[in-house]
Amino acid sequence: MQADVFWNGGVDADWANAANWSGGLPSQAGAGNAIINPGSPNATPTVSTLGNTTVGQIYVSINAGLDVIGGSLASSDLVTGIWGNSGVVSVSDGRLTLSSYLNMGAGGFDGDVSISGGMLESAALSINTSGGARMSITGTGSYVTNSSQLGNVSYWVAHQAIVTSGAGRYVNIDTSTLPGKLVLTSALRTTTDIVWDNGSGDNLWTTPTNWNPDGTPGVIDTARITNELSAFLTGSAGSVNAVVIGDAANNGALNVQGAASLNAGTITVGSAGNASSWPSYYSHAAGDVATTGNMVFGVSGGRSQSYFTAGTLQVGGTMRLGSAAGAGASSLALNGGGGTITAGSLEIGSAGSLDFDFLGGTSLKTLTVTNGISLTGSSALTVRNAGSVSLGASYTLLDGLSLSGTFGSVTFDGFAAGLTPSLVYDRVGGNLRLTIGQAIPTITINVGSGTQTQTQAGYPLLSGSTRVEKTGAGTLVVDQANTLTGSTTIQQGTLRLANGSALAASRLVPVAGGTVSLTPGLQTTMGGLAANAGGLTDVGSGLVTVAGGLSAADMLTALLAGRGDGSWNGASGITSSDAAADLAQSMPRTVGWLDNGGGSVTFAFAAPGDTNLDWSVDILDAANFLAGGKFDSGTPATWNEGDFGYDGVVDILDAADFLSTGLFDAGGYNPPASASGGIAAVPEPAVWPLLAVVFGMIGVRGVRRRSSRCAR
3 MQADVFWNGG VDADWANAAN WSGGLPSQAG AGNAIINPGS PNATPTVSTL GNTTVGQIYV
63 SINAGLDVIG GSLASSDLVT GIWGNSGVVS VSDGRLTLSS YLNMGAGGFD GDVSISGGML
123 ESAALSINTS GGARMSITGT GSYVTNSSQL GNVSYWVAHQ AIVTSGAGRY VNIDTSTLPG
183 KLVLTSALRT TTDIVWDNGS GDNLWTTPTN WNPDGTPGVI DTARITNELS AFLTGSAGSV
243 NAVVIGDAAN NGALNVQGAA SLNAGTITVG SAGNASSWPS YYSHAAGDVA TTGNMVFGVS
303 GGRSQSYFTA GTLQVGGTMR LGSAAGAGAS SLALNGGGGT ITAGSLEIGS AGSLDFDFLG
363 GTSLKTLTVT NGISLTGSSA LTVRNAGSVS LGASYTLLDG LSLSGTFGSV TFDGFAAGLT
423 PSLVYDRVGG NLRLTIGQAI PTITINVGSG TQTQTQAGYP LLSGSTRVEK TGAGTLVVDQ
483 ANTLTGSTTI QQGTLRLANG SALAASRLVP VAGGTVSLTP GLQTTMGGLA ANAGGLTDVG
543 SGLVTVAGGL SAADMLTALL AGRGDGSWNG ASGITSSDAA ADLAQSMPRT VGWLDNGGGS
603 VTFAFAAPGD TNLDWSVDIL DAANFLAGGK FDSGTPATWN EGDFGYDGVV DILDAADFLS
663 TGLFDAGGYN PPASASGGIA AVPEPAVWPL LAVVFGMIGV RGVRRRSSRC AR
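In terms of the numbering used here, the sequence shown is residues 3 to 714.
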C-alpha cells in the first residue's frame with residue numbers, strides 16, 4: 003500500500019536527503035504522493051542534484067514552495083494552490099519534468115510558478131487564475147509543453163496568466179524548434195512599422211517593393227495596410243508581429259486567397275480615429291491565417307467589413323467583433339459551410355454584426371471557441387439565403403465553453419414559406435443553435451400583471467397541436483388536465499403548474515425572462531422540457547417527471563446552472579426556491595434527480611440522502627448508497643447511487659451530506675422546513691448510531707484514497 007511522504011526540512015534544504023522527509027524519499031518503493039509542507043527550520047526543499055524522481059504526484063501545500071536550482075526532478079504531476087495559498091515553485095537552473103499536468107491554483111488559491119533559468123516541462127497545463135495563480139518566465143528560463151496546448155497557452159498569455167517582465171519584453175511562443183512541442187521564453191520585442199504602398203502595382207503581399215521600406219514584413223514587424231489600398235496574400239508570408247488594416251485617415255483591405263499562409267501576433271481590422279465613410283476590409287477566401295493574440299474587428303472610430311468563406315482562420319486570443327470601446331459598425335460574414343474558423347474567446351459588442359450566409363445551399367460553418375462567448379444586447383445576427391434549407395434541419399452557429407448574453411437584433415432572410423427558424427441559446431453548454439421548424443398556429447396568453455388561472459385568461463382547456471406562448475410579467479396558473487401536444491413557450495413572467503397532468507404531453511420552453519413554477523408539493527408530468535433555453539424551471543417543493551426529450555446529461559447541465567454558487571440561486575436552468583430558502587436557514591436541501599430510462603427523467607425538491615425521491619430518508623436509501631458500489635471508486639455516479647454534490651462521483655463529502663440532514667428514519671420531510679417553521683427532524687436513536695459507524699468506516703477509507711486524487 004502506498005503511503006504519502008511529507009517534507010519536514012529537519013536537517014537541511016536538500017530534496018535528496020531522506021532525513022528531510024517523513025516517510026522516506028518520494029522516489030522509494032511504496033511511496034505515495036510527495037506533500038511539501040512548510041518545513042522547519044528549512045521551509046522549502048531545494049533540488050540541486052541529478053536523477054531525483056517521485057513515485058506519486060507532488061503537492062505544494064499552504065505557504066510551502068519548491069526551488070529547483072540545478073540537477074533534475076521528474077514526476078507525473080505537480081499541484082499548487084489546492085488547499086490554500088501556496089508559496090512559489092521556482093526553477094532557476096536545472097530541469098523539472100512532469101509527464102502529465104502542471105496544475106496551478108487547483109483549488110482556486112494562489113500558487114505561482116517562476117522560471118528564471120533552466121527548464122520546466124509538462125505534457126499539459128492547467129491554470130486556475132481565480133486565486134491569483136500565475137506563471138512568470140524571465141531571464142533564460144523556458145517552459146515546454148505539448149503542441150496540443152497551443153489554444154490554452156495562447157489564451158493564458160493574452161489574459162496575463164503567463165507573463166514576463168522587463169521593458170519591451172514579451173512571452174514568445176515557439177512552435178517550430180521542438181517538433182510536437184511549444185517552447186515559451188521571455189523575448190525582447192523590437193518592432194518596425196512596414197507600410198503597404200503597392201509600389202510594384204501587382205497588389206501581392208509577397209512582393210518586397212510593395213512595402214515601405216522595401217522588404218516584406220518579418221517576425222518583429224507590424225504590417226500596416228492603409229491609404230485606401232488593397233493587398234492580396236496568395237502565398238506564404240511567414241510570421242509578423244502584427245497586422246493593422248486602416249489608419250486614422252484612410253481605410254485598407256487585405257484579401258487572403260489561394261495558398262496563403264500567415265502567422266501574426268495580432269490582427270486589427272479598422273483603426274482608431276478613422277472617420278472615412280468606407281470601412282476597412284478583411285476577406286478570407288482560402289489559405290491559412292493564425293494569430294497567437296487577439297483579432298479585432300473595429301476599434302475606436304474605426305469601421306470594418308469582413309468575410310470568411312474557406313480555408314482556416316485560427317485566433318489564439320480573443321476575437322472581438324464591434325466590442326472595442328467606441329468601435330465603429332463592424333460586420334463579419336461567414337459564408338457557406340466550408341473552412342474552419344476558431345478563436346480562444348469571442349466577444350460580439352454593440353457595434354458588432356455576425357452574418358451566416360447559406361449562399362443558397364444547405365450548409366453553414368460553426369465558429370468554434372475554446373473558452374467563453376460573450377454577446378451584448380445590442381449586437382446583431384443575420385441568417386440569410388436559406389431558400390434550400392428543409393424542415394427539421396439544425397445548425398450549430400457558435401460552439402464554446404460557455405455562453406453569456408443574447409443578440410439584440412436577429413434577422414432571418416430567405417427561408418421558404420411555412421418554415422420557422424429559431425435560435426436555441428445553451429448558456430452552460432456554450433453553444434448557439436439554429437433550428438428549422440414548421441410554422442404552426444400559436445396561441446398567445448398574455449398576463450400583464452398579477453395572477454390568472456387559465457380559465458380566467460380565456461382558455462379553460464388547452465388541446466391539440468397548437469403552440470402556446472405565455473407573455474407578460476404576470477403569472478398564469480395552468481390548473482386543468484389539458485391534452486395539449488404543442489409546445490408551451492414562456493417568454494415572460496411565470497407559468498405555474500397546479501395540476502399533475504397540466505401539460506403532460508406538451509414540451510415546455512422557458513426562455514430568458516420566463517419561469518416555470520409548481521404549486522407547493524405538486525407532483526406533475528411534462529411531455530418535454532427545454533431546460534437550457536435560457537429561462538428558469540423552479541421545482542419549488544414539488545417533483546417533475548419529464549416524459550421525453552430531456553437527456554440526463556442536459557438535465558444535469560440545467561441543474562448545475564440552477565444550483566449557481568451552491569445555494570440554488572442560478573438565473574437559468576433548474577432550481578428550487580424552497581431548497582434555497584431552507585439552505586438560508588441552515589437546513590440542507592437540494593434538488594435530486596433520477597434517470598428513469600426510456601428517455602424519461604425526474605427531478606424534485608430533496609434532502610441529500612433521499613436516493614429514490616420519496617421525500618423520506620430511510621433504510622432503502624442507505625441500501626442504495628452502500629450497495630451502489632460507487633463510494634470512492636472514482637467512477638461516474640448518479641444521485642440514486644449517492645452523488646449528492648453534483649461532482650459526478652461518490653466520496654466522503656456525499657457521505658457527510660447524507661449524515662448532515664438528521665432525517666434518517668424520521669419520516670417525511672416535505673413540506674420543507676422553511677414552510678413549516680424550520681423544525682429539524684430528529685433521527686431514531688436505535689438506527690442512527692449504527693448508520694454513523696458504517697459511514698464512519700467507509701469515510702476513513704475515503705479520506706486515505708482521496709488524498710491521492712487531484713481535480714484537474
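Don't be surprised by glycine CBs; every beta carbon is placed ideally from N, CA and C. Nothing here was measured: the structure is a model prediction, and the numbers come from that model.
Fewer than three Cβ pairs drawn from the stretch 554-562 and the stretch 494-514 lie within less than 8 Å of each other, which leaves the two stretches out of contact. In the assembly as shown, Ser29 is a buried residue. Its beta-carbon has 16 or more other beta-carbons within 10 Å. For Lys183, the closest alpha carbon among the candidates Gly328, Ala126 and Trp158 is that of Ala126. Every beta strand (DSSP E) of 3 residues or more that sits fully in the stretch 298-332 is shown, in chain order, as 306-310 and 314-323. For the 7 Å CB-CB criterion, Trp213 and Ile227 do not form a contact. Counting along the chain, Tyr61 sits inside the beta strand (DSSP E) bounded by residues Ile60 to Val62. In the structure shown, Trp213 falls within a strand segment according to DSSP collapsed to helix, strand and coil.
Residue environment for Asn174: buried (at least 16 other C-beta atoms within 10 angstroms of its C-beta).
Under a 10 Å Cβ-count criterion, Thr457 is classified as exposed, with fewer than 16 other Cβ atoms of the shown protein chains found around its own Cβ. With contacts defined as CB atoms closer than 7 Å, Gly432 and Gly450 fail to qualify as a contacting pair.
Nearest to Ala514 by alpha-carbon distance, out of Thr408, Ala345, Thr293 and Asn243, is Thr408. Taken through DSSP and simplified to helix, strand or coil, Trp617 comes out as coil. A direct Cα-Cα distance of roughly 17 Å separates Ala639 from Ala560. Boundaries of the beta strand (DSSP E) around Asn35: Ala33 to Ile38.
Within a 10 Å sphere around the beta-carbon of Ile621 sit fewer than 16 other beta-carbons, which makes this residue exposed. Boundaries cannot be given for Arg429, as no alpha helix (DSSP H) includes it and DSSP labels it neither H nor E. For Thr446, the number of other beta carbons within 10 angstroms of its own is below 16, and it is reported as exposed.
Boundaries of the alpha helix (DSSP H) harbouring Trp158: Leu152 to Ala160, taken from the DSSP string. Membership of Phe8 in any alpha helix (DSSP H) is not indicated; the residue belongs instead to the beta strand (DSSP E) covering Ala5 to Trp9. In this structure, Gly248 lies near Gly304, with their beta-carbon atoms less than 7 Å apart. By the neighbour-count criterion, in which a residue is buried when 16 or more other Cβ atoms sit within 10 angstroms of its Cβ, Ser308 is buried. Judged by DSSP in its simplified three-state form, Ser503 adopts coil rather than helix or strand. Where Arg565 is concerned, there is no enclosing beta strand (DSSP E), although the alpha helix (DSSP H) around it starts and stops at Ala554 to Arg565. In the DSSP assignment, Ile139 falls within the unbroken beta strand (DSSP E) covering Met137 to Ile139. A residue is called buried once 16 or more other Cβ atoms fall within 10 Å of its Cβ, and Gln494 is buried on that count. Taking the Cβ atoms as the reference, Val242 lies roughly 6 Å from Asp223, within the contact range of under 8 Å.
The shortest C-alpha to C-alpha distance from Gly379 to any of Ile60, Gly402 and Ser352 is the one to Ser352.
Below 8 Å, enough C-beta pairs join the stretch 104-113 and the stretch 77-90 to call them touching: three or more. Taking the Cβ atoms as the reference, Asn54 lies roughly 12 Å from Asn22, outside the contact range of under 8 Å. Between the stretch 118-134 and the stretch 88-98, the count of C-beta pairs closer than 8 Å reaches three or more; the two stretches touch. Given a length threshold of 3 residues, the stretch 631-662 has no whole run of the beta strand (DSSP E) inside it. For Asp195, the enclosing beta strand (DSSP E) stretches over residues Thr194 to Trp198.
Secondary structure note for Leu585: its alpha helix (DSSP H) is the uninterrupted segment Ser579 to Ala586. DSSP places Ser355 inside the beta strand (DSSP E), whose first and last residues are Gly354 to Asp359. Annotation: the continuous beta strand (DSSP E) that includes Thr547 extends over Leu545 to Val548. Around the beta-carbon of Ala419, fewer than 16 other beta-carbon atoms lie within 10 Å, marking it exposed.
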